[in-house]
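Remarks on the structure that follows.
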Amino acid sequence: MKHLTRCPDCGSTDIGQGIFKGYASLMPVENFFSFGSPVVADVCSNCGLILRLRVVKPHKFKSNCSDFEQLEPAD
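Counting in our numbering, the sequence shown runs from 1 upward without gaps.
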């Protein structure tokens, strides 16, 4: 994914970062006992738009089960 350097809403190039951690960590669906990973957000410092979210430890989300199916979004 291309790293955004300009806010698509306001055009600002002042992009900062924030982090969700602790109880806001993203947990893998198939591993109930995992501690998951903090989530980093790229944020426009001018208007507050969240440009991108990504996990710090993506390896925690690799499926070790051959029958793992991704959850479908709720209607």
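For every residue, glycine included, the Cβ atom is placed at its ideal position computed from N, Cα and C.
Taking the C-alpha atoms as reference points, what is the distance between residue i and residue j?
{"i": "S25", "j": "G36", "result": "6 Å"}
{"i": "K57", "j": "G22", "result": "14 Å"}
{"i": "M27", "j": "H59", "result": "12 Å"}
{"i": "P8", "j": "A41", "result": "15 Å"}
Comparing C-alpha positions only, which one of the options sits nearest to residue i?
{"i": "Q17", "options": "D9, T5, K57", "result": "T5"}
{"i": "C10", "options": "V55, G48, G22", "result": "G48"}
On the criterion of 16 or more Cβ atoms from any shown chain inside 10 Å, does residue i qualify as buried, or is it exposed?
{"i": "V29", "result": "exposed"}
Taking Cβ positions, are residue i and residue j nearer each other than 8 Å?
{"i": "S45", "j": "I15", "result": "yes"}
{"i": "V39", "j": "V55", "result": "yes"}
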